[in-house]
Amino acid sequence: MKKISLALALLAITSMSQSALAQGKFSTGVGLYEFGGHTGVKYRYSIDDTHKLSASAGLIGYSLGYEYTLSEHVTAGLALGQQVVVAEDGYLVAKFNYYFQGVDSASWVIGLSAGVKEDDGDCFVFCEKKDTDKIEGTMGIHLGYQF
């Protein structure tokens with residue numbers, strides 16, 4: 635399921651026309667959730683001046699998102715995805731981003747994500763994973779640059 639979701643997200647991005655790509659912005663960054671996991675790239679497509687969709691692929695996962703522009707510098711939205719070790723069974727977070735030079739400009743961006751993920755224990759290497767249905771809260775910060 636993870637591979638299918640990632641393949642669909644990447645297919646959607648690559649099948650866009652040149653005019654659709656012109657309505658979007660690429661960014662790269664680090665942090666949890668926003669850029670697909672620890673470090674990654676994000677493509678954000680502008681539906682109009684206030685509504686935006688995004689897809690991210692990172693070192694350890696992927697993310698699909700929606701953003702609503704609150705002001706010239708601030709967006710709020712939702713993201714869902716998966717990240718190895720951190721949220722293997724998926725996550726859903728609300729996110730807030732601040733763009734230093736403006737939402738639609740080349741700019742540094744910093745943000746906060748908070749939501750829920752399925753808790754499978756804190757197993758990183760050489761330990762047994764627990765596959766549970768327990769949901770726990772999660773938070774992440776991110777920093778990136780939008781081109």
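Numbering-wise, the sequence shown is residues 635 to 781 according to the working numbering.
Built from N, CA and C at the ideal position, the CB exists for glycine as well.
Fair warning: this is a prediction, and the values are worked out from it, not measured in the lab.
1. Check this for me: beta carbons of His707 and Tyr725, under 8 Å apart or not?
2. At which residues does the beta strand (DSSP E) containing Tyr696 begin and terminate?
3. Helix, strand or coil for Glu770, going by three-state DSSP, please let me know.
4. Could you spell out where the beta strand (DSSP E) holding Gly671 opens and where it closes?
5. Alpha carbon to alpha carbon, what distance is there between Asp767 and Ala691?
6. If distances are taken between C-alpha atoms only, which option among Thr673, Leu687, Val727 comes closest to Tyr679?
7. Can you pull the DSSP bridge partners for Ser690?
8. Between Leu704, Gly670, His776, which has its C-alpha nearest Trp742's C-alpha?
9. Taking the beta strand (DSSP E) that Phe730 falls in, what are its first and last residues?
10. By Cβ distance below 6 Å, which residues in the same chain neighbour Ala721 in space, the five residues on each side in sequence not counted?
11. Excluding sequence positions up to five away, which residues of its chain have a Cβ less than 6 Å from the Cβ of Leu746?
12. Based on Cα-Cα distance, which residue from Gln735, Gly658, Ala748 lies nearest to Ser711?
13. Measure the CB-CB distance between Ser705 and Gly670 and report whether it falls below 8 Å.
With the structure as the only source:
1. The residue labelled residue 707 in the question sits at position 73 within the sequence shown. The residue labelled residue 725 in the question sits at position 91 within the sequence shown. Their beta carbons are not under 8 Å apart, which means His707 does not touch Tyr725 by this criterion.
2. Looking up residue 696 in the sequence shown gives position 62. From DSSP, the beta strand (DSSP E) with Tyr696 extends over 695–703.
3. Here residue 770 refers to the residue found at position 136 of the sequence shown. It is a strand residue.
4. Here residue 671 is taken as the residue at index 37 of the sequence shown, counted from 1. Counting along the chain, Gly671 falls outside any beta strand (DSSP E), and DSSP gives it neither H nor E.
5. The residue labelled residue 691 in the question sits at position 57 within the sequence shown. The residue labelled residue 767 in the question sits at position 133 within the sequence shown. If I take the Cα positions, the gap works out to 25 Å.
6. Taking the first residue of the sequence shown as 1, we reach residue 679 at position 45. Nearest of Thr673, Leu687, Val727 to Tyr679, Cα basis: Leu687.
7. By one-based count along the sequence shown, residue 690 stands at place 56. DSSP, once it has assigned bridges, lists Lys676, Ser697 as partnering Ser690.
8. As a working note, residue 742 is residue 108 in the sequence shown. The candidate whose alpha carbon is nearest that of Trp742 is His776.
9. Numbered from its first residue, the sequence shown carries residue 730 at position 96. Here the beta strand (DSSP E) through Phe730 covers 721–733.
10. Reading the sequence shown from its first residue, position 87 is the one you call residue 721. Excluding residues within five positions, the ones whose Cβ falls inside 6 Å are Lys751.
11. Translated into the one-based positions of the sequence shown, residue 746 becomes position 112. For Leu746, where only same-chain residues beyond five positions count, the Cβ hits under 6 Å are Phe730, Ile775.
12. Taking the sequence shown and counting its residues from 1, one reaches residue 711 at position 77. Checking the sequence, you will find Gly at residue 711 rather than Ser. Of Gln735, Gly658, Ala748, the residue nearest in Cα terms is Ala748.
13. Here residue 705 refers to the residue found at position 71 of the sequence shown. Here residue 670 refers to the residue found at position 36 of the sequence shown. No. Outside cutoff.
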